[in-house]
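Single-structure report; data block below.
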Amino acid sequence: MAEIHLTGRPASPGLAIGAVTVLTAAVAKRTPTGDPAQEAVVLKAAIEGATTEIAELVGAVDGDVADILQFQVAMLEDDALAEGAYDAISAGVAADHAWRSALDAEISGYRSAEDEYFRARAADMVDIRDRVLARLSGVDTVAKITGGSIVACDDISPSIFLAADWTRGGAITLGAGSPSSHVAMLARARGVPMVVGLGPLSWNGPPPALALVDGDAGTVIFDPEPGTQRLFEHRMAVANAARAAADVGRTEPACTADGRRIAVLINIAAPEDLAGLDPAICDGIGLVRTEFLFETSHGLPDEDTQYAVYRRILEWAKARPVTIRTLDAGGDKPIAGLTAEGESNPFLGLRGIRLSLARPEVFRVQLRALLRAAVHGPLKIMLPMIAIPSEFDRAAVMLDTEFSALRAQGIACARPPLGIMVEVPAAALRAEYFGAAFYSIGSNDLTQYTMAAARDVGAVADLNDTGDPAVLALIARTVEVGRKRGVEVSLCGDAAADTHLTTALLATGLTNLSVSPIAVARLKTAIAGIRS
Ligand code: PEP
Ligand code: MG
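First residue of the sequence shown: 1, per my numbering; consecutive thereafter.
This is the structure in structure tokens:
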């Protein structure tokens, strides 16, 4: 078989080699047997197969992800779930149609439930529906991602990514997708090489068995010849040695060639991202994205659960500053039961602080948990998607109110500084009008809103460029306002880790950059080579 060379866009750096797992969301055409008894047998087998498949995954993950999968197993084991489908099959409906209609009815029931907990279960029901449909149609749809797999598919959701085990390597190759999507961001944070925009992944004959992925160049070779594979393995060995050498300097403070000290902080999504990390590699945590805590939780996480997570993070940092961002749901980060459905343009909709202010009962719980955690270290609270000063003012009033309430109850708490993300051009253009204690530039969103080029659309990825003078001008303006007001300005979007942009970013006057832990060593090396 001839090797297949494909070129796409680099979305997460690194080289990987491994067996290919093809995932497809397409439900293949299935020919019904025409016999209701036979259709019922087929459905029963598909449900049992899906149950075993999920039960096997439970053993490979832990925490909230395992809880979600266990809930799915329990649902599939409950005979009542498929009753409606079996009734329809008896009336002559094909197994896949019967299952889909029965589950769609369940899903809409969950979506419109009064109770938050049940609304949040809707996404699990969608997963269950699709897993069984996949088995019915003979398509291996959902996460059969074993350690070290090179996943090949059109696109992949953050939940599938999070459910998979990447500790044994692996990579992602997508026909569609974008380097600025959240799944790409997750891949970079976990060090999983990823290439997007490869075009339709279709095979003449059986799918490929092996792939070589170059996440730096954005290329993939499926079914390589032995010579190609040997060459690639040699490159991987050289790259690993270079990474190990850079890692040695990871705990040194970052300084430019002419002695300018640059603070390098880290971005994380969950305490698990800190496992095995030495806090000495960074000057603190510049961004904790709390939405992933909400996304993998059963229902919304309560105050004690959130407090425990925030406290763990602060304790890890050992007195280094930690900036925790309040929930930034919405946009391309929907959370079942919380974010609005059916928005025509979710990036311009009810996301970030807008959603938190619209759902004060949810926001208050997070603010209380943060105020309580603040006694365990130098916490800063950051508000996402701020566009106008009154959003900041309203959030500040809520924070003060909860602080007073906790104190009145005799609960240990502290009032941390409250700052804003500068990721909406309106906030950059009027930064001086916000009473923020600090600014952190969200270059991912600031770029997409300034350039009118969505961060998750591959076709406009060229326009989605933080190095564009228009975006750099907004960054420089924010840095200048911070200097005049005497408040800290940092940048925590993915541009901070793009070493092609480091010179341009430092030229704006920035002295604080926050990147995923995997990018720290590379960024420090790049900074050391810059003379301003
Ligand atoms: C950003 O927009 O740059 C940012 C850091 O926030 P997120 O990527 O989570 O939207
Ligand atoms: Mg953002």
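Even glycine gets a Cβ: it sits at the ideal position worked out from N, Cα and C.
Around Thr-508, the same chain offers Leu-472, Ile-475, Ala-476, Val-479 as residues with beta carbons nearer than 7 angstroms, after the five sequence neighbours per side are excluded. Val-397: member of the alpha helix (DSSP H) spanning 389-408, first to last residue. Shortest Cα-Cα distance from Pro-517 to any of Val-183, Ile-281, Ile-262 involves Ile-281. If you look at Lys-380, you'll find it in the beta strand (DSSP E) that goes 379-383. Between the stretch 379-394 and the stretch 322-331, the count of C-beta pairs closer than 8 angstroms reaches three or more; the two stretches touch. Look at Pro-384: its beta carbon is less than 7 angstroms from one of the heavy atoms in the ligand MG. Per the Cβ contact rule, the stretch 178-195 is not in contact with the stretch 120-136 (fewer than 3 Cβ pairs under 8 angstroms). Ala-254 is bridged by DSSP to Ile-262. Distances from the CA of Glu-315 to each of Leu-350, Phe-347, Gly-377 were compared; the closest alpha carbon is that of Gly-377. With at least 16 other beta carbons inside 10 angstroms of its own, Pro-179 counts as buried.
Uninterrupted beta strand (DSSP E) stretches at least 3 residues long and entirely within the stretch 442-511 occur at 488-491, given in chain order.
Closer than 7 angstroms to some heavy atom of the ligand MG: that does not describe the Cβ of Gly-197.
Selection Arg-289, Ala-519, Ala-246 evaluated against His-182 yields Arg-289 as nearest (Cα-Cα).
Beyond the five residues adjoining it in sequence on each side, Arg-135 comes within less than 7 angstroms, by CB distance, of Ala-46, Gly-49, Ala-50 in the same chain, given in chain order. Burial is judged here by how many other beta carbons sit within 10 angstroms of a residue's own beta carbon; Pro-36 has at least 16 and is buried. In this chain, the beta strand (DSSP E) harbouring Ser-12 covers 9-12.
Its chain contains Arg-190, Val-192 as the residues whose beta carbon lies nearer than 6 angstroms to that of Trp-166, once the 5 sequence neighbours on both sides are disregarded; these appear in chain order. Sorting Arg-354, Val-481, Val-20, Ala-11 by C-alpha distance to the C-alpha of Ser-149 places Val-20 at the top. For Ala-437, there is no enclosing beta strand (DSSP E), as DSSP marks it with neither H nor E. Under DSSP, Asn-267 takes part in a beta bridge, and its partners are Leu-287.
Relative to the ligand MG, even the nearest heavy atom lies 7 angstroms or more away from the CB of Glu-432. Judged by DSSP secondary structure, Ala-526 falls within the alpha helix (DSSP H) whose first and last residues are 520-528.
For Asp-445, the distance from the CB to the nearest heavy atom of the ligand PEP is below 7 angstroms. For Asp-247, the CB stays at least 7 angstroms from every heavy atom of the ligand PEP. The C-alpha of Leu-210 is placed about 35 angstroms away from the C-alpha of Met-75.
Relative to the non-hydrogen atoms of the ligand PEP, the Cβ of Leu-287 comes within a distance shorter than 7 angstroms of at least one. With respect to the C-alpha of Trp-99, the residue from Val-460, Leu-81, Ser-112, Lys-484 having the closest C-alpha is Leu-81.
Here the alpha carbons of Ala-40 and Ser-90 stand approximately 8 angstroms from one another. Taking C-beta atoms under 8 angstroms as the contact rule, Leu-174 and Ser-514 fail to qualify, at a distance of about 26 angstroms. Residue pairing of Leu-513 in beta bridges, as defined by DSSP: Val-264, Leu-491.
Within the same chain, and ignoring the five residues on either side of Ile-172 in sequence, the residues whose Cβ sits closer than 7 angstroms to its Cβ are Val-151, Ile-156, Ala-187, Val-192, Met-194.
DSSP places Val-151 inside the beta strand (DSSP E), whose first and last residues are 150-153. For Gly-199, same chain residues with a beta-carbon under 8 angstroms away, outside a window of 5 residues either side, are Leu-6, Gly-8, Gly-175 in chain order. Taking the C-beta atoms as reference points, Phe-347 is found nearer than 8 angstroms to Ala-454. Assigned with DSSP and collapsed to three states, Lys-44 falls in helix. Taking non-hydrogen atoms of the ligand PEP into account, the C-beta of Gly-259 is found less than 7 angstroms away from none of them.
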